[in-house]
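Protein chains in written order, with this note's numbering: chain A, 8 to 301; chain B, 195 to 671.
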Ligand SMILES: Cc1cc2nc3c(=O)[nH]c(=O)nc-3n(C[C@H](O)[C@H](O)[C@H](O)COP(=O)(O)OP(=O)(O)OC[C@H]3O[C@@H](n4cnc5c(N)ncnc54)[C@H](O)[C@@H]3O)c2cc1C
Ligand SMILES: Cc1cc2nc3c(=O)[nH]c(=O)nc-3n(C[C@H](O)[C@H](O)[C@H](O)COP(=O)(O)OP(=O)(O)OC[C@H]3O[C@@H](n4cnc5c(N)ncnc54)[C@H](O)[C@@H]3O)c2cc1C
């Protein structure tokens, strides 16, 4: 089995940064594994601006911002980038198995950096009752459909949760000619940045309902509407406060959770333990190098 | 006009089992299904339990067929390579007063012929079911209970039936049936078939089909059951299927093991009017959680990762399986509520018998393909085999669904085996059935499906017309 000095899983901003920082610190045998066909992670679908304001003193889109670092990465010797490479197994001695079209490989890492990003919570995780029709998307999936695939998920949208991705998608749907009927937030205030609340929702006159939740999704085949209801400070439904909104699309923007299944698979309870001393130093640099501004 | 010996209406587990059974004989057979894909009715939304036969009245048809089905399903799943697993079940008593009822259930089940039943005590339970509530005092243990993937069973039965010459026509709702001298004329929106025999296994809609031939002697009431699926991390929360003592119309809320590994809790039981209402409710969730926690206190709401509802097609207490003399050649297979999944292979034998008694000649084919090529699921094979597969076909190494590890090859296979919708892919492969519920792979799946089926992306659906995923493609502007 081959052994590599440093293996980085995930070619998003964190993984790229880790690779560059490790290289700057003298590591010369680096393998970067990315399951997608391209580097950049989530930034590829963030075509809005606001990236790079601090680091580059420029207002860049996500792909532009990522592009600069990807270019830098390619210019460095000693970093092997392996795309379409899906890590499917990790053991406690840092042995990784990954699949790639045409091959399955197993390697050992002296030092391993996990930069696998996060995923969005789904409708199912927050247990919204009602029908299960087409037309319920995580905000990030809708973002990918519109920004990368050029597909419009729907025409009348209700957004559940006021996380940043949801807010940004409110504006995005409007720009595509869709109608955004409401943003429903169970808390007293938005989870997202004030800037996004103002520029993506308020400026367009989209109603934002705080202390409200979705009681039910309606629609047999495709979403037809939602029942919403007011909640009190203990988040209990207030009887008689229900109303209905018709829509054909629901976006879930209710939070992110880390993709740490591989680390768990390796039996790691305390995630920090997986980083070697060298890697920690690199990570430290990463933190300095990468401050995602948006 | 296309003419058949037998037309089966409804491609659920019952229609599929009948189709496969009859495919051993020299007959022209067609199965008609209203949905875009087979198996999207009751047969995909249930508990997936192969019941041993307990909790049925001793003289009931459903009880007898359940006991017989429990045996037959083993042979079928072996032949077809379906993932049947014998887990055993425990019907748990929570007080001394409940023990006589356990003994009563045992006696009834023994009259039906359920084998190897025993009453187990607290010590046994502690040892074999350590997460079970300390309140449990005893249980009726039925070792022959098992689990199966209900939708994979339907797919496998259907594919094997097709291999043996049966035609399955999906997206063909039967609208009316005309009885002529020798034939039934079965009308669909775009076609008319003729058949000497008609088998009505239309699940929730069997009463409507029966009325089409003038037999109006039963009515189907949907009884809703909501079920909640738990995270796979909780796979080993129980070692057996756990039941409380049964109530009037139901077996109660269970803690279930499933073929996919995720435990499941449910179902509720509520009579409703709408045969299309598959919604879940906060109320249902609360009921199921409370009842499940009574058995396994460590279950928590945050373990739930998915949920669904199914409708039991109820027509009185028992199954209705009979030849209707009023419409000679017409066989009703209706009211197939629980344990219909278990009983399906036995129902098929019974129906074969009815056809024979009513004049159909049953001659065995010389060649019947009873086995089926096994389907590869990367998640269920060791890496050493995956490695060989990837070498042979590189697209096994191209992972499309990250949560369940499903490759491009498996997706394409599912489509060539008949998947026409995203749900069809999901139930055949598990892609989209994991933690992220398709947030990651939906776009990729849409593109593969569109390409293989030569569809525009705007016509890719979740489960058939009306459930399109996206409204507009920028390329069309
Ligand atoms: C939909 C969405 C929209 C967002 N929008 C914004 C925004 O507008 N502004 C902002 O600042 N932040 C945004 N975020 C937060 C965003 O996650 C971070 O800003 C940033 O992308 C994090 O970088 P990362 O490298 O940790 O993760 P990611 O960018 O997610 O990169 C992780 C990479 O790891 C790869 N990977 C994962 N598992 C494996 C495996 N097993 N094998 C191989 N490769 C693997 C993935 O393919 C991915 O490329 C958004 C997040 C999401 C989910
Ligand atoms: C919540 C729940 C839990 C259950 N748990 C279990 C269990 O653990 N074990 C067990 O053994 N049983 C269980 N059952 C029962 C079991 O699911 C059913 O008995 C079984 O699936 C019935 O199969 P079927 O083929 O009769 O019906 P279906 O699967 O509904 O098939 C009927 C088919 O007919 C089609 N159809 C209807 N009308 C027309 C028309 N006009 N033209 C053409 N096609 C038509 C439908 O689309 C459908 O595909 C459960 C049921 C429920 C609801």
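All C-beta atoms, glycine included, are put in the ideal place defined by N, C-alpha and C.
| Item | Value |
| --- | --- |
| Contact set for residue 280 of chain A: own chain, Cβ-Cβ below 8 Å, skip 5 residues either direction | Any answer about residue 280 of chain A is weak, because its pLDDT of 43 lies below 50 and its placement is not dependable; what the coordinates show is given next. Same-chain partners within the cutoff: there are none. |
| CA nearest to the CA of residue 627 of chain B, picked from B:599, B:519, B:606, B:612 | B:599 |
| Residue(s) in a DSSP beta bridge with residue 458 of chain B | B:423, B:450 |
| Alpha carbon of residue 641 of chain B to alpha carbon of residue 468 of chain B, nearest angstrom | 35 Å |
| Pick from B:373, B:274, B:438, B:472 that is closest to residue 416 of chain B, judged by C-alpha positions | B:472 |
| Below-9 Å beta-carbon distance, residue 279 of chain A vs any chain B residue | Reliability of the predicted coordinates at residue 279 of chain A is poor, the pLDDT of 46 falling under 50, and the value obtained from them is presented with this limitation in mind. No - not a single Cβ of chain B is within 9 Å of the one on residue 279 of chain A. |
| CB contact check: residue 89 of chain A to chain B, cutoff 9 Å | no |
| Simplified DSSP assignment, three categories, for residue 110 of chain A | strand |
| Nearest-angstrom Cα separation, counted from residue 176 of chain A out to residue 534 of chain B | 46 Å |
| When B:614, B:537, B:406, B:313 are compared against residue 378 of chain B, the one with the closest alpha-carbon | B:406 |
| Any chain A beta carbon closer than 9 Å to residue 661 of chain B | yes |
| Residue 238 of chain B beta carbon near ligand 2 (any heavy atom closer than 8 Å) | yes |
| Beta-carbon proximity check, residue 252 of chain B vs residue 302 of chain B, cutoff 9 Å | yes |
| Heavy atom of ligand 1 within 8 Å of residue 55 of chain A beta-carbon | yes |
| Burial state of residue 241 of chain A, where buried means 16 or more other Cβ atoms lie within 10 Å | exposed |
| For residue 109 of chain A, the nearest candidate out of B:604, B:582, B:665 (CA to CA) | B:582 |
| CA-to-CA distance, residue 661 of chain B to residue 522 of chain B, given in whole angstroms | 39 Å |
| Pairwise C-alpha distance: residue 542 of chain B and residue 208 of chain B | 7 Å |
| Any 3 or more C-beta pairs closer than 8 Å across the region 549-561 of chain B and the region 512-527 of chain B | yes |
| Simplified DSSP assignment, three categories, for residue 577 of chain B | helix |
| Beta-carbon separation (whole angstroms), residue 339 of chain B vs residue 245 of chain B, contact threshold 8 Å | 6 Å |
| Which listed residue (A:111, A:61, A:28) has its alpha carbon closest to that of residue 577 of chain B | A:111 |
| Between the CA atoms of residue 396 of chain B and residue 529 of chain B - distance to the nearest angstrom | 10 Å |
| Three-pair Cβ contact test at 8 Å for the region 278-291 of chain B versus the region 223-239 of chain B | no |
| Residue range of the beta strand (DSSP E) that includes residue 554 of chain B | Looking at the DSSP string, residue 554 of chain B is not in any beta strand (DSSP E), and its letter there is neither H nor E. |
| Helix, strand or coil at residue 571 of chain B according to DSSP, with G and I counted as helix | coil |
| According to DSSP, residues forming a beta bridge with residue 517 of chain B | B:525 |
| 7 Å Cβ cut-off: residues of chain A touching residue 588 of chain B | 108, 109 |
| Spatial distance of residue 625 of chain B from residue 587 of chain B (CA atoms) | 19 Å |
| DSSP state of residue 375 of chain B mapped onto helix, strand, coil | coil |
| Proximal residues of chain B, C-beta to C-beta of residue 196 of chain A below 7 Å | By Cβ distance, chain B contributes nothing, its closest Cβ being about 24 Å from residue 196 of chain A, past 7 Å. |
| Within chain A, the residues that residue 581 of chain B reaches when beta carbons sit closer than 7 Å | 111 |
| Under 7 Å from the C-beta of residue 591 of chain B: neighbouring residues of chain A | 106, 107, 108, 109, 110, 111 |
| Counted within 10 angstroms of its Cβ, other Cβ atoms place residue 81 of chain A as buried (16 or more) or exposed | exposed |
| Beta-carbon contacts of residue 617 of chain B that lie in its chain and below 6 Å, excluding the five residues immediately before and after | 656, 657 |
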